[in-house]
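Per the numbering used here, the sequence shown starts with residue 374, numbered consecutively. Below you'll find the structure, written out as structure tokens, and then a few comments.
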Amino acid sequence: MDTMLPSQPESYRPLINRSFRLYRASFSKVIWPALILSIVIFIPRLISVIVGQDILATLPAFSPYRLWQILINLVALMLFIAIMWHMYCEARGLHEPLVEDIGKGIRKAVSVFIATIIQSAILFGIAAIMLGIQILLHQYNLLFANNWVGIIATSIAFIGQFVLLLYVSVLFIFLVPLIAIEDKGILVALERSVLLAWNHWWRVFSVQLTPWISYIILLFLIRFGLGINIHIFFLQDVPHTIWTSLLHLLIFALFIPWVAALLLVQIKDLELRHELARHEQKA
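So this is what it looks like as structure tokens:
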């Protein structure tokens, strides 16, 4: 029985509450892989703080040393899958050792990584098409023209491109649970994720954005409320110490299991909605 997952479609607040219950129930086990995941993710920043410069920024674009970024991503993905798998087992009332969770992550990490590459290629293709349209419109003086028509057309073009790319990104947000938890193949997972999310775009976006908004708010409170110089990526950065980086690492480790819990809770909700819609069509 999926005791911690929805048994019927639910609104925003019940989904968030369910994710908290799943988070609390599995916290003592998932915090350790979450902490290791956070350490792996923060390796480049910790190195930059220690040596006093951004190592990645100084590397050439096609430097072979950038391959270690792929390794970092694969290890982080493996650990995230392990976290999600343990939470899934907790929700089903199953109990597996941590070694089994890690093994599941290792087996599925490459498939998920390939799926994310395909997703990135789709997004890149859409962006390239949109860029081509913008170049064409610019040739006809419909973009960047110094008049009201040009201003409106330019605004619509850039806002439309942003919304379209965001929409498509949300369509593929359930690739990890579909491949790692439901054992779908890569192409089937891509199709299934789109099928579940396309007509619930805002519901998915608002729910999955919640932990990241909460994460950013907490960083703001620490930086501007407590005066601790913690790194916030979209603000002009100032030198920070190894201790603030370690604090940030710990905060990230505490938040990432919530992301996994929300994915599990909402994909179950969407599957219930999809089945309900199918039954209504047959009736």
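Glycine is no exception: its CB is placed at the ideal position from the N, C-alpha and C atoms. From a predicted model like this one, the values you see are computed outputs, not experimental measurements.
Below 8 Å on the Cβ atoms is my guess for residue i versus residue j; work out the distance and round it to an integer in Å.
{"i": "Pro584", "j": "Phe628", "result": "6 Å"}
{"i": "Val707", "j": "Leu450", "result": "Shown here, the chain extends from 374 to 656; a query on residue 707 therefore has no answer."}
State the Cα-Cα distance for the pair residue i and residue j, rounded to the nearest angstrom.
{"i": "Phe393", "j": "Val638", "result": "10 Å"}
{"i": "His395", "j": "His604", "result": "In the sequence under discussion, the amino acid at residue 395 is Leu, which differs from the His named in the question. Between Leu395 and His604, the C-alpha separation is close to 29 Å."}
{"i": "Ile499", "j": "Leu538", "result": "7 Å"}
{"i": "Ser528", "j": "Ile508", "result": "14 Å"}
{"i": "Phe415", "j": "Ile532", "result": "32 Å"}
{"i": "Leu452", "j": "Ile475", "result": "7 Å"}
{"i": "Gln381", "j": "Glu653", "result": "15 Å"}
{"i": "Arg646", "j": "Pro470", "result": "33 Å"}
{"i": "Met374", "j": "Arg465", "result": "The pLDDT assigned to Met374 is 43, lower than 50, so where the model puts this residue is not dependable; a value taken from the coordinates is nonetheless given after this. Their Cα atoms are separated by approximately 6 Å."}
{"i": "Leu378", "j": "Arg391", "result": "7 Å"}
{"i": "Glu648", "j": "Asp556", "result": "19 Å"}
{"i": "Ala530", "j": "Leu548", "result": "29 Å"}
{"i": "Leu592", "j": "Ile615", "result": "16 Å"}
{"i": "Gly425", "j": "Leu467", "result": "47 Å"}
{"i": "Gly600", "j": "Ile589", "result": "15 Å"}
Using CA coordinates, which residue listed in the options is at the minimum distance from residue i?
{"i": "Lys481", "options": "Ile552, Val567 and Ser380", "result": "Ile552"}
{"i": "Arg576", "options": "Leu509, Ile615, Pro379 and Glu383", "result": "Glu383"}
{"i": "Glu473", "options": "Lys402, Ile589 and Ala488", "result": "Lys402"}
{"i": "Val543", "options": "Leu568, Ile420, Arg646 and Glu644", "result": "Leu568"}
{"i": "Ile506", "options": "Leu548, Ala526 and Ala570", "result": "Ala526"}
{"i": "Ala641", "options": "Ile554, Leu619, Leu592 and Ile524", "result": "At residue 641 the sequence reads Lys, which differs from the Ala that was named. Out of Ile554, Leu619, Leu592 and Ile524, Ile554 has the C-alpha closest to the C-alpha of Lys641."}
{"i": "Pro630", "options": "Leu643, Asn520, Gln581 and Leu620", "result": "Gln581"}
{"i": "Trp574", "options": "Leu643, Ile487 and Ser411", "result": "Leu643"}
{"i": "Val562", "options": "Pro550, Ile615 and Leu450", "result": "Reading off the sequence, residue 562 comes out as Ala, not Val. Of the candidates Pro550, Ile615 and Leu450, the one whose C-alpha sits nearest the C-alpha of Ala562 is Pro550."}
{"i": "Pro317", "options": "His468, Leu635, Ile590 and Leu622", "result": "Absent from the structure is residue 317, since the part of the chain shown begins at 374 and ends at 656."}
{"i": "His621", "options": "Val632, Ala633 and Arg596", "result": "Arg596"}
{"i": "Ala494", "options": "Gln512, Ile524, Glu463 and Val541", "result": "Val541"}
{"i": "Ile490", "options": "Phe545, Thr617 and Lys477", "result": "Phe545"}
{"i": "Ala488", "options": "Leu504, Ile589, Ile409 and Ile559", "result": "Ile559"}
{"i": "Ser618", "options": "Ala407, Trp571 and Ile423", "result": "Ile423"}
{"i": "Ser566", "options": "Gln492, Val632 and Leu510", "result": "Gln492"}
Checklist entry - If you scan the stretch 540-604 from start to end, which runs of the alpha helix (DSSP H) of 4 or more residues do you find wholly inside it? => result 548-553, 559-570 and 574-593
Checklist entry - At what residue ranges does the stretch 482-529 contain a whole run of the beta strand (DSSP E), taking only runs of 3 or more? => result none
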